[in-house]
Amino acid sequence: MSSTVTPPTPSVAGTGPAPVPTTVPPAGRVGGARSALYRYGVGSLAIVVSVVVFLVPFAFILLTAAMDATQASEFRFAWPRNFQLWDNVVQVLQTRDYILVIAFINSVVLTLVSVTALVVLGSMVAFVLQRRVSRWTGLINFLVLTGLIMPPAIVPTIWVLQRFGLFATMPGLILVEIAFGLSFTILLFRAFISTIPKELDEAAVLDGAGPLRLFFRVVLPLLRPVMVTVILVQSVAVFNDFQNPLYFLPGDAGATVQLTLFNFQSQNLSSYNLLFTDILLITIPMLLLYLFFNRQIVAGLTSGAVKG
Amino acid sequence: MALRPTRSWTLKGLAVLALAPLALTACSAGSLGSSDAGNSAGGTTITWLTGTDEAAQATAKAVVAAFEDANPDITVKLDARPAGADGDNLVKTRLQTGTMPDVFDYNSGSLFQQIAPANNLAPLTGDASVGAVQEAFTPQVSVGKDVYGVPYGTAFGGGVMYNRAVFDKLGLQVPKTWADFMAASATIKAAGIAPVIQTYQDTWTSQLFVLGDFHNVAAADPQWAENYTANKAKYAGDPNAVKGFQHLQDVHDAGYENADFASIKLEDGMRQLADGTGAMYPILSANVSTLQSIAPDKLGDIGFFALPGDDAATNGLTAWYPNAVYVPKTTTGAKLDAAKKLLGFIASPAGCDALTSASAPTGPYLVDGCELPADVPQVTKDVQAYFDADAQSPALEFLSPVKGPNLEQITVEIGSGIRPAADGAALYDQDVEKQAQQLGLEGW
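Note that the protein sequences, when read in sequence, are chains A and B. Going letter by letter, the first sequence gives residues 299 to 606 in the working numbering. Going letter by letter, the second sequence gives residues 13 to 456 in the working numbering.
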């Protein structure tokens with residue numbers, strides 16, 4: 299019987315920051331009671347929508363994570379009868395010899411290394427592609443787009459990794475994540491670099507800067523806004539990735555956090571309280587990332603604005 | 013303008029970000045686990061890929077502990093894979109790329125056929141490890157004359173769990189024919205209890221009326237499965253095969269389903285059955301484990317019977333066989349010997365005892381010499397009775413690789429009164445066509 303329990307999507311939170319309720323003044327109408335009503339109406343509507351879309355699911359996770367197994371299996375939005383969030387956290391951590399701790403280390407290493415490499419490589423490639431047009435540019439652009447279009451094939455990729463001795467190793471998985479994320483990163487950086495005036499480069503070159511100095515001293519600092527975007531988007535993608543770690547880094551030593559979700563669900567019996575506690579724990583790093591980078595986004599945007 | 017410090021912050025930050033994790037990778041993450049507790053006494057170490065969920069891990073651990081006691085020179089490490097479609101893909105991928113661990117457990121029957129056993133698995137024909145496996149099971153793990161696996165776990169049935177307290181109170185007997193079933197339902201409904209529980213939030217539970225009816229189809233037409241695989245028999249228009257679909261529609265038309273059938277899950281259905289707001293729940297007998305976790309005090313109240321057909325004389329159970337443990341071809345030498353020893357242990361009374369100690373069995377073990385303990389749930393006893401009386405036959409999925417992916421959606425439609433039974437059967441026949449063509453079966 300092909301009865302499978304579909305996992306609740308692991309990436310519940312961390313898929314985007316709660317949209318800041320924008321209070322857009324209606325065009326061509328300034329002041330007046332109607333415009334105030336309109337403004338606050340739209341504002342509160344946005345708040346209500348973001349609460350429903352983002353906070354309600356989160357509250358559901360939190361409440362279920364605090365329930366006992368019997369109540370959690372009812373799968374209802376209710377106040378926990380026995381509040382045992384801490385017990386659940388301890389139990390989840392202890393599952394299978396603290397595999398969640400190992401998974402967290404693996405996921406953090408994977409995310410940090412691959413996102414760093416993506417940012418460095420992506421911005422460099424984008425800079426060269428954007429500024430030095432040659433007869434190869436068209437072909438390279440095509441290859442970058444191919445990376446977006448072509449679906450990744452698992453078995454041939456494993457063959458390649460096996461030949462290089464990288465299969466089932468962390469460096470191998472990091473390379474896979476870089477390969478799958480690079481196209482998108484290059485496109486983002488390219489679009490942004492095209493808005494940086496060429497005169498800046500020329501001025502730097504006239505002042506005697508070589509290509510490396512030009513890139514690292516002049517261009518890279520200007521890329522901060524888009525860099526924040528890339529870091530956020532790719533961190534979430536890599537951290538929440540399920541399929542690549544499953545196939546390319548098998549074995550308990552290489553478990554990543556998303557794989558631990560399957561410790562708590564099976565066909566006949568799912569421990570929803572533990573599953574949701576696990577989801578809660580996994581969500582926290584991405585949540586922190588957003589809180590931390592929120593300021594960076596604003597700072598990056600304003601510094602970009604001054605230079606424009 | 014604080015541009016200069018910002019710039020150097022960026023560069024330094026990048027450098028630290030790039031280098032620190034590399035240092036971390038060096039001390040490989042797996043070394044943190046306590047599972048690697050330096051157990052290298054010079055013996056053989058083999059790895060067993062099993063499910064990652066709590067139950068699968070606990071079961072495998074119990075077996076491994078007992079096995080290592082009996083074979084001190086062999087160490088068995090556990091590796092984990094997720095359940096469901098992802099797990100299926102993982103097994104196929106790892107077999108295909110030659111990276112499968114030394115031993116793994118996987119479905120028997122038609123799913124076993126799909127992992128290309130002759131190419132990927134080590135044959136065990138004539139080996140001591142398969143000596144105690146019962147003949148009822150052997151066909152499920154064989155290709156041609158070669159046997160590839162040993163049963164891991166217990167067989168179970170597809171049928172109806174019923175509340176015996178409700179049946180006693182209303183003076184009802186276990187129905188042996190479909191007419192009895194409908195008559196009993198009428199009595200139960202008159203008493204203000206939902207006769208048939210359906211739980212369409214878990215769509216797979218809707219298939220039981222069709223899949224669990226196969227014993228009756230096979231009883232009426234023993235060649236049906238063969239003809240079905242060869243594209244000579246169809247559900248639609250076949251007077252025997254279509255009955256499963258028809259029964260589902262009958263139950264809905266008569267208003268015998270619980271009121272909230274469309275929106276509740278398996279767990280809710282079990283709760284209704286346990287507290288007596290519903291009387292009969294067509295489900296797999298293995299789901300007694302769900303019942304155990306939800307209403308442990310009501311286990312004695314819940315019994316099990318096979319879905320009845322037209323003829324009381326051929327009444328019997330549609331049986332599902334346990335998963336099996338296999339050895340891939342890539343396991344060789346000392347590891348192969350150790351793997352075979354592990355398989356032999358699993359298919360022995362000692363192995364069954366280890367399994368029993370991990371989780372209450374939900375049906376017979378299909379291994380010679382294995383007995384069920386006396387305190388198993390009533391549901392399991394009822395299933396065992398069908399096996400003892402030999403009133404059981406394999407479910408269709410063990411006889412034919414043809415199974416469409418959309419059966420559960422179709423049966424939800426029929427059970428909800430959206431689509432008539434005959435129509436649904438015809439639609440399912442179309443559904444399996446693509447899958448049969450993909451498998452490259454003859455006659456499609």
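The beta carbon of each residue, even a glycine, is placed where N, CA and C say it ideally should be.
How far does the alpha helix (DSSP H) with residue i in it reach, from first residue to last?
{"i": "I422 of chain B", "result": "L419 to G427"}
{"i": "W60 of chain B", "result": "Looking at the DSSP string, W60 of chain B is not in any alpha helix (DSSP H); the run it does join, the beta strand (DSSP E), is T56 to G63."}
{"i": "N561 of chain A", "result": "From DSSP, N561 of chain A is part of no alpha helix (DSSP H); its letter is neither H nor E."}
{"i": "V536 of chain A", "result": "R522 to F537"}
{"i": "Y338 of chain A", "result": "A331 to S348"}
{"i": "Y545 of chain A", "result": "Q541 to F546"}
{"i": "G256 of chain B", "result": "K255 to D265"}
{"i": "P355 of chain A", "result": "V354 to A363"}
{"i": "A376 of chain A", "result": "It is not in any alpha helix (DSSP H) - A376 of chain A carries neither H nor E in the DSSP assignment."}
{"i": "K104 of chain B", "result": "G96 to Q108"}
{"i": "W236 of chain B", "result": "W236 to T241"}
{"i": "G552 of chain A", "result": "No alpha helix (DSSP H) contains G552 of chain A, which DSSP labels as neither H nor E."}
{"i": "I306 of chain B", "result": "V300 to I306"}
{"i": "G436 of chain B", "result": "A433 to L451"}
Candidates the options: which alpha carbon is nearest residue i's?
{"i": "L518 of chain A", "options": "A:R433, A:L343, A:V418 and A:F482", "result": "A:V418"}
{"i": "I413 of chain B", "options": "B:G452, B:A372 and B:L303", "result": "Note that residue 413 of chain B is Pro in the sequence shown here, rather than Ile. Among B:G452, B:A372 and B:L303, the Cα nearest to that of P413 of chain B is on B:G452."}
{"i": "N119 of chain B", "options": "B:S369, B:T423 and B:Y338", "result": "B:Y338"}
{"i": "T344 of chain B", "options": "B:A78, B:Y174, B:V379 and B:D114", "result": "B:D114"}
{"i": "L587 of chain A", "options": "A:S533, A:V555 and A:N571", "result": "A:S533"}
{"i": "P383 of chain A", "options": "A:F402, A:A363 and A:F482", "result": "Note on identity: in this sequence residue 383 of chain A is Leu, with Pro being the wrong assignment. Of A:F402, A:A363 and A:F482, the residue nearest in Cα terms is A:A363."}
{"i": "R461 of chain A", "options": "B:T109, B:L220, B:T166 and B:P151", "result": "B:T109"}
{"i": "N418 of chain B", "options": "B:S428, B:L411 and B:E445", "result": "B:E445"}
{"i": "K277 of chain B", "options": "B:Y268, B:G288, B:G267 and B:Y293", "result": "B:Y293"}
{"i": "A291 of chain B", "options": "B:T105, B:A206 and B:A366", "result": "B:A206"}
{"i": "A67 of chain B", "options": "B:N131, B:F79, B:A271 and B:P373", "result": "B:P373"}
{"i": "T467 of chain A", "options": "A:L498, A:W434, A:P548 and A:R374", "result": "A:P548"}
{"i": "W190 of chain B", "options": "B:F257, B:W236 and B:T217", "result": "B:F257"}
{"i": "I400 of chain A", "options": "A:M584, A:Y570, A:I582 and A:A553", "result": "A:A553"}
{"i": "F537 of chain A", "options": "A:L498, A:V407, A:L572 and A:A376", "result": "A:V407"}
{"i": "G455 of chain B", "options": "B:K244, B:G288 and B:K347", "result": "B:K244"}
{"i": "V531 of chain A", "options": "A:P469, A:L578, A:F482 and A:A415", "result": "A:F482"}
{"i": "V411 of chain A", "options": "A:F402, A:I472 and A:V431", "result": "A:I472"}
{"i": "V103 of chain B", "options": "B:A237, B:G55 and B:T62", "result": "B:T62"}
{"i": "H227 of chain B", "options": "B:D192, B:A318, B:Q396 and B:L285", "result": "B:A318"}
{"i": "K255 of chain B", "options": "B:F273, B:A195, B:Q152 and B:A438", "result": "B:A438"}
{"i": "L520 of chain A", "options": "A:I359, A:D505 and A:K496", "result": "A:K496"}
{"i": "Y268 of chain B", "options": "B:V162, B:P163 and B:A203", "result": "B:A203"}
{"i": "N327 of chain B", "options": "B:L384, B:F273 and B:A397", "result": "B:A397"}
{"i": "T59 of chain B", "options": "B:D91, B:D81, B:A82 and B:I86", "result": "B:D91"}
What first and last residue would you give for the beta strand (DSSP E) that runs through residue i?
{"i": "W332 of chain B", "result": "L329 to W332"}
{"i": "R93 of chain B", "result": "I86 to R93"}
{"i": "M282 of chain B", "result": "M282 of chain B -> not in any beta strand (DSSP E); alpha helix (DSSP H) instead, spanning L278 to D287."}
{"i": "S405 of chain B", "result": "Q404 to P406"}
{"i": "A318 of chain B", "result": "I314 to A318"}
{"i": "Y293 of chain B", "result": "G290 to L296"}
Contact check, residue i vs residue j under 8 Å by CB: the rounded distance?
{"i": "G321 of chain B", "j": "D225 of chain B", "result": "7 Å"}
{"i": "L133 of chain B", "j": "Y160 of chain B", "result": "5 Å"}
{"i": "V528 of chain A", "j": "G420 of chain A", "result": "7 Å"}
{"i": "M422 of chain A", "j": "F513 of chain A", "result": "7 Å"}
{"i": "A434 of chain B", "j": "A248 of chain B", "result": "6 Å"}
{"i": "L136 of chain B", "j": "L355 of chain B", "result": "7 Å"}
{"i": "Y545 of chain A", "j": "T302 of chain B", "result": "About 31 Å; that fails the 8 Å criterion."}
{"i": "G470 of chain A", "j": "L486 of chain A", "result": "That belief does not hold up - the Cβ atoms of G470 of chain A and L486 of chain A are roughly 25 Å apart, past 8 Å."}
Please tell me whether residue i has its Cβ less than 8 Å away from any Cβ of chain C.
{"i": "V458 of chain A", "result": "The displayed structure is made up of protein chains A and B, and chain C is not among them."}
Those runs of the alpha helix (DSSP H) which lie wholly inside the stretch 158-213 of chain B and span at least 4 residues: Taking only runs of at least 4 residues, the alpha helix (DSSP H) segments lying wholly in the stretch 158-213 of chain B are 176-181 and 190-202.
Every unbroken beta strand (DSSP E) within the stretch 110-152 of chain B, with a cutoff of 3 residues, ordered by chain: Counting whole runs of 3 or more residues, the stretch 110-152 of chain B contains the beta strand (DSSP E) stretches 115-118.
Quick check: the stretch 537-548 of chain A against the stretch 447-461 of chain A, are at least 3 beta-carbon pairs closer than 8 Å? They touch, by the three-pair rule.
Can we say the stretch 153-170 of chain B touches the stretch 325-333 of chain B, given the rule of at least three CB pairs closer than 8 Å? A contact exists between the stretch 153-170 of chain B and the stretch 325-333 of chain B.
Continuous alpha helix (DSSP H) assignments of at least 4 residues falling wholly in the stretch 395-474 of chain A: Within the stretch 395-474 of chain A, the complete alpha helix (DSSP H) runs of at least 4 residues fall at 435-447 and 452-461.
Should the stretch 141-149 of chain B be called in touch with the stretch 358-376 of chain B, which here means at least 3 C-beta pairs below 8 Å? Under the Cβ criterion (8 Å, minimum of three pairs), the stretch 141-149 of chain B counts as touching the stretch 358-376 of chain B.
So, do the stretch 405-423 of chain B and the stretch 204-221 of chain B have three or more beta carbon pairs nearer to each other than 8 Å? At 8 Å Cβ cutoff, the stretches touch.
Suppose only complete runs of 4+ residues qualify. What are the alpha helix (DSSP H) ranges in the stretch 335-392 of chain B, listed by chain order? Whole alpha helix (DSSP H) segments, 4+ residues: 345-358 and 361-370.
Note down, one range per segment and in chain order, each alpha helix (DSSP H) of at least 4 residues found wholly within the stretch 566-596 of chain A. Qualifying alpha helix (DSSP H) stretches: none in this window.
Would you say the stretch 294-314 of chain B touches the stretch 89-102 of chain B, given that touching needs at least three Cβ pairs under 8 Å? The stretch 294-314 of chain B makes no contact with the stretch 89-102 of chain B: fewer than 3 CB pairs, one atom from each, lie closer than 8 Å.
Should the stretch 146-155 of chain B be called in touch with the stretch 363-383 of chain B, which here means at least 3 C-beta pairs below 8 Å? Three or more beta-carbon pairs separated by less than 8 Å link the stretch 146-155 of chain B to the stretch 363-383 of chain B, which places the two stretches in contact.
Is the stretch 572-591 of chain A in contact with the stretch 359-378 of chain A, if contact means three or more CB pairs nearer than 8 Å? Touching, yes.
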